[in-house]
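Peer 1: Residue numbers (my numbering): 1 to 679.
Ideal Cβ placement from N, Cα and C applies to all residues, glycine included.
On a predicted model such as this, the values are computed, not experimentally measured, just so you know.
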């Protein structure tokens with residue numbers, strides 16, 4: 001209670017945050033208040049455009065999703081039952097779920113492990129294999145591994161960081177991890193090279209190591225390619241290795257017609273499934289199916305548990321599978337595959353698109369051969385725009401080692417979650433055609449833009465920025481001489497900033513910006529965005545140069561005027577100071593004393609006072625303000641004639657500033673008045 005009071009006193013002094021207080025409420029809060037707090041945290045204000053996109057890509061929560069969410073609440077309720085009733089219920093739930101999954105995915109006579117992290121199943125499988133291959137591991141621990149170092153093989157196209165995670169969890173050195181390259185001459189660029197794997201295994205055996213486990217892919221994370229699972233299984237049987245398979249393509253095992261390559265996955269020793277993603281079920285555990293006859297080793301590896309509460313992890317999936325039924329599950333997977341086929345057929349009609357399943361075809365590379373970084377930048381922009389325009393399509397951007405940046409469509413991972421329909425695919429293709437047309441035009445005009453900017457050198461400088469998805473970047477270079485480098489850079493940045501504002505005021509489809517958000521070296525440049533094929537590059541560059549020159553000349557005129565005004569002010573101050581000294585000498589020191597001066601001024605008033613000075617911007621001369629004040633005092637009296645000036649250099653008007661000791665007041669009269677206190 002003392003700690004609570006101290007915390008409350010701190011909160012009372014203003015140490016609370018905008019969302020959560022620093023201490024618990026001493027008397028507690030009601031349910032409505034807590035739920036309101038949760039609601040505010042979920043719907044915290046974000047960037048409007050980003051928030052709209054994220055809202056559209058939120059999970060489509062249907063009735064089957066509500067069943068999964070209900071499972072978590074029921075699990076908490078069931079956990080308080082008496083031990084015997086809890087044991088019977090959890091055993092039934094886990095056995096039913098295991099049986100249904102084994103039959104759905106054609107993986108008979110196997111066991112199932114349910115886990116929150118989809119990597120945990122593989123970690124526990126590795127422990128199972130280590131326990132079975134090293135008989136003394138249970139008693140001697142890692143000391144038993146020193147006789148023959150275990151080796152785990154995985155594909156170069158596999159999940160990033162998976163091998164390192166395994167070594168970290170198992171306490172193995174990174175030397176126990178062997179990355180198998182993918183095919184480089186024959187076959188897919190994303191499939192494991194079986195011949196090279198065979199060679200690596202033989203080398204490890206000769207070095208006194210123990211080949212332990214191979215991780216294969218039925219759908220690589222990047223491009224969805226499937227390894228040659230049949231040949232890999234034969235190789236594992238030859239060297240007494242465990243074969244583990246994971247990947248999104250395992251979802252197609254529930255279909256009536258299955259690709260033979262995927263069907264070979266049913267021969268593996270274990271596989272990891274993620275039904276929550278495939279079926280659109282929130283907060284549902286991943287499942288690892290495995291075949292092993294020794295339950296004691298499975299228990300030691302953590303694949304099974306003697307605690308009834310741990311078996312309740314399967315409850316949300318148990319409820320959801322019953323709600324969907326066999327036909328409902330198959331329909332969801334079939335719908336995802338049909339979306340993929342529909343998109344592929346649509347893309348084949350577009351000559352400028354090359355898909356990853358085709359060996360050749362048209363692409364935008366012809367416009368910019370060799371500039372891989374530029375193509376990656378444009379493809380990244382394309383993917384981000386498609387995500388904004390058609391968020392329910394589920395496309396995203398991936399980086400592949402050989403192909404570079406690509407736009408990926410993986411409906412098995414996103415369709416059930418986002419509720420993607422065929423209309424979304426049609427809209428996706430429509431937007432894709434529009435965006436690629438603009439991309440192609442921009443790529444074809446980049447070189448013309450570069451050459452045209454070079455023709456305007458040195459006033460315009462082309463800035464090479466490969467990470468910019470647009471026409472290019474340009475910098476206006478004013479002709480500034482006789483100043484240091486820091487001031488010159490400041491002047492360049494100021495002019496280009498004004499130039500950017502002027503360009504952004506034009507009513508045009510071309511976008512002008514400061515470029516990439518985190519770029520610091522190009523903060524004084526103007527970045528030109530995507531353009532259509534009807535853009536006149538010569539006219540565009542001429543316009544940029546002309547506006548830049550106007551800004552530069554205006555700046556010089558302002559600087560010259562500033563210098564003239566500054567010199568005029570200094571001269572006026574000198575004249576006023578001189579007049580003040582003459583007045584002091586004329587009137588005497590006694591008149592300046594507060595008391596004696598007032599009496600003396602009453603008996604003998606001052607006949608004249610110091611007049612201010614008027615600075616004429618046109619003539620560049622200083623005059624007395626006496627004529628100005630006398631003109632104002634006489635109503636209807638015309639102003640004095642202006643100084644004769646050349647008609648070509650005559651200004652349309654003159655600014656007047658009246659200078660007092662503490663403020664500047666703009667006037668409507670002619671000239672610049674500098675007036676010290678009168679009297």
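Use the C-beta contact count for residue 365: other C-beta atoms within 10 angstroms, 16 or more gives buried, fewer gives exposed.
Peer 2: Counting from one through the chain shown, the residue named residue 365 turns up at place 365. Interpretation of residue 365 is limited by its pLDDT of 41, a score under 50 that renders its predicted location unreliable; no figure is taken from the coordinates.
Peer 1: Residue ranges of each alpha helix (DSSP H) run of no fewer than 4 residues wholly in the segment 184 to 239, ordered along the chain?
Peer 2: Counting only runs of 4 or more, we get 194 to 206, 229 to 238.
Peer 1: What is the DSSP secondary structure of residue 150, counted as helix, strand or coil?
Peer 2: In the chain shown, residue 150 corresponds to position 150, counting from 1. Residue 150: strand per DSSP, three-state reduction.
Peer 1: Can you name the start and end residues of the beta strand (DSSP E) that residue 408 belongs to?
Peer 2: Within the chain shown, the letter at position 408 stands for residue 408. Note, residue 408: beta strand (DSSP E), 404 to 408.
Peer 1: Rounded to the nearest angstrom, what separates residue 140 and residue 332 at their Cα positions?
Peer 2: To locate residue 140, count along the chain shown from 1; it is residue 140. To locate residue 332, count along the chain shown from 1; it is residue 332. The alpha-carbon atoms of residue 140 and residue 332 are separated by roughly 49 Å.
Peer 1: Out of 401, 224, 352, point me to the one whose CA is closest to residue 436's CA.
Peer 2: As a first step, residue 436 is located in the chain shown; it is residue number 436 there, counting from the start. Nearest of 401, 224, 352 to residue 436, Cα basis: 352.
Peer 1: Can you name, in chain order, every residue of its own chain whose Cβ lies under 7 Å from the Cβ of residue 399, other than the five neighbours on each side?
Peer 2: Indexing the chain shown from 1 puts residue 399 at position 399. Counting only Cβ-Cβ distances below 7 Å, and skipping sequence neighbours, we find 405.
Peer 1: Please tell me whether residue 251 and residue 413 are closer than 7 Å, where the distance is taken between their beta carbons.
Peer 2: Along the chain shown, read from residue 1 onward, the residue named residue 251 stands at position 251. Along the chain shown, read from residue 1 onward, the residue named residue 413 stands at position 413. In this structure, residue 413 does not lie closer than 7 Å to residue 251 by Cβ.
Peer 1: Using a Cβ-Cβ distance under 7 Å, would residue 457 count as near chain B?
Peer 2: Any reference to chain B falls outside this structure, which holds one protein chain only.
Peer 1: Mind listing, in chain order, the continuous alpha helix (DSSP H) runs of no fewer than 4 residues lying wholly within the segment 476 to 516?
Peer 2: Whole alpha helix (DSSP H) segments, 4+ residues: 485 to 504.
Peer 1: Rounded to whole angstroms, what's the CA-CA distance from residue 500 to residue 389? Just pull it up for me.
Peer 2: The residue labelled residue 500 in the question sits at position 500 within the chain shown. The residue labelled residue 389 in the question sits at position 389 within the chain shown. Spanning the two alpha carbons is a distance of roughly 27 Å.
Peer 1: Write down the C-beta distance between residue 166 and residue 126 rounded to the nearest angstrom, noting that I regard them as a contact closer than 8 Å.
Peer 2: As a working note, residue 166 is residue 166 in the chain shown. As a working note, residue 126 is residue 126 in the chain shown. Indeed they touch by this definition, with Cβ atoms about 6 Å apart.
Peer 1: Measure the Cβ-Cβ separation of residue 245 and residue 223 and say whether it is below 7 Å.
Peer 2: What you label residue 245 is simply residue 245 of the chain shown in a count that begins at 1. What you label residue 223 is simply residue 223 of the chain shown in a count that begins at 1. Result no, Cβ atoms of residue 245 and residue 223 do not sit closer than 7 Å.
Peer 1: Quick check on residue 182: does DSSP put it in helix, strand or coil?
Peer 2: Indexing the chain shown from 1 puts residue 182 at position 182. It is a strand residue.
Peer 1: Nearest-angstrom Cα distance between residue 35 and residue 285?
Peer 2: Taking the first residue of the chain shown as 1, we reach residue 35 at position 35. Taking the first residue of the chain shown as 1, we reach residue 285 at position 285. If I take the Cα positions, the gap works out to 26 Å.
Peer 1: In three-state terms, what does DSSP make of residue 252?
Peer 2: Numbered from 1 along the chain shown, position 252 holds the residue referred to as residue 252. Note: residue 252 maps to helix in three-state DSSP.
Peer 1: Can you tell me which of 157, 263, 490 puts its alpha carbon nearest to the alpha carbon of residue 220?
Peer 2: Numbered from its first residue, the chain shown carries residue 220 at position 220. Comparing Cα positions, the closest option is 157.
Peer 1: So, residue 118 versus residue 274, is the Cβ gap smaller than 7 Å?
Peer 2: Sequence index remark: in the chain shown, residue 118 carries index 118 (1-based). Sequence index remark: in the chain shown, residue 274 carries index 274 (1-based). Contact: yes.
Peer 1: Would residue 214 and residue 150 be called neighbours here (beta carbons separated by less than 7 Å)?
Peer 2: As a working note, residue 214 is residue 214 in the chain shown. As a working note, residue 150 is residue 150 in the chain shown. It is not a contact, given that the beta carbons lie outside the stated cut-off.
Peer 1: Distance check for residue 345 and residue 360, CA to CA, integer angstroms please.
Peer 2: The residue labelled residue 360 in the question sits at position 360 within the chain shown. The residue labelled residue 345 in the question sits at position 345 within the chain shown. Annotation note: pLDDT 42 at residue 360 (below 50); position unreliable, no value reported.
Peer 1: Considering residue 241, what are the terminal residues of the alpha helix (DSSP H) in which it resides?
Peer 2: By one-based count along the chain shown, residue 241 stands at place 241. From DSSP, residue 241 is part of no alpha helix (DSSP H); its letter is neither H nor E.
Peer 1: Just checking, does the segment 418 to 426 make contact with the segment 380 to 395 on the three C-beta pairs under 8 Å criterion?
Peer 2: Verdict: yes, contact present.
Peer 1: Answer yes if the segment 530 to 546 comes into contact with the segment 493 to 510, meaning at least three C-beta pairs across the two stretches below 8 Å, and no otherwise.
Peer 2: Enough Cβ pairs lie closer than 8 Å, so yes.
Peer 1: Could you tell me how far apart the beta carbons of residue 181 and residue 193 are, in whole angstroms, since I believe they sit closer than 8 Å?
Peer 2: Along the chain shown, read from residue 1 onward, the residue named residue 181 stands at position 181. Along the chain shown, read from residue 1 onward, the residue named residue 193 stands at position 193. Residue 181 to residue 193, Cβ: 6 Å. Contact.
Peer 1: Name, in chain order, the residues that DSSP records as bridge partners for residue 289.
Peer 2: By 1-based counting over the chain shown, the position of residue 289 is 289. BP columns for residue 289 point to 112, 271.
Peer 1: Can you name the start and end residues of the beta strand (DSSP E) that residue 462 belongs to?
Peer 2: Along the chain shown, read from residue 1 onward, the residue named residue 462 stands at position 462. Run containing residue 462: 460 to 463, per the beta strand (DSSP E) assignment.
Peer 1: Can you confirm whether the segment 433 to 449 touches the segment 282 to 302 when touching is taken to mean that 3 or more C-beta pairs between the two stretches lie within less than 8 Å?
Peer 2: Judged by Cβ distances under 8 Å, the segment 282 to 302 makes no contact with the segment 433 to 449, as fewer than three pairs qualify.
Peer 1: What are the partner residues of residue 528, as DSSP defines its beta bridges?
Peer 2: If you number the chain shown from 1, residue 528 lands on position 528. Per DSSP, 472, 512.
Peer 1: How long is the line joining the alpha carbons of residue 29 and residue 490, rounded to whole angstroms?
Peer 2: The count along the chain shown starts at 1 and reaches residue 29 at position 29. The count along the chain shown starts at 1 and reaches residue 490 at position 490. Answer to the nearest angstrom: the Cα atoms are 57 Å apart.
Peer 1: For residue 71, count neighbouring Cβ atoms within 10 angstroms of its own Cβ and tell me buried if that reaches 16, exposed if not.
Peer 2: In the chain shown, the residue the question calls residue 71 occupies position 71. It counts as buried.
Peer 1: From what residue to what residue does the alpha helix (DSSP H) around residue 417 run?
Peer 2: What you label residue 417 is simply residue 417 of the chain shown in a count that begins at 1. Run containing residue 417: 411 to 418, per the alpha helix (DSSP H) assignment.
Peer 1: From residue 538 to residue 394, what distance separates their C-alpha atoms?
Peer 2: Looking up residue 538 in the chain shown gives position 538. Looking up residue 394 in the chain shown gives position 394. Their Cα atoms are separated by approximately 40 Å.
Peer 1: Between the beta-carbon of residue 502 and the beta-carbon of residue 544, is there less than 7 Å?
Peer 2: The residue you call residue 502 lines up with position 502 of the chain shown. The residue you call residue 544 lines up with position 544 of the chain shown. No.
Peer 1: Determine the extent of the beta strand (DSSP E) in which residue 396 is found, giving its start and end residues.
Peer 2: In the chain shown, residue 396 corresponds to position 396, counting from 1. Start and end: 396 to 400.
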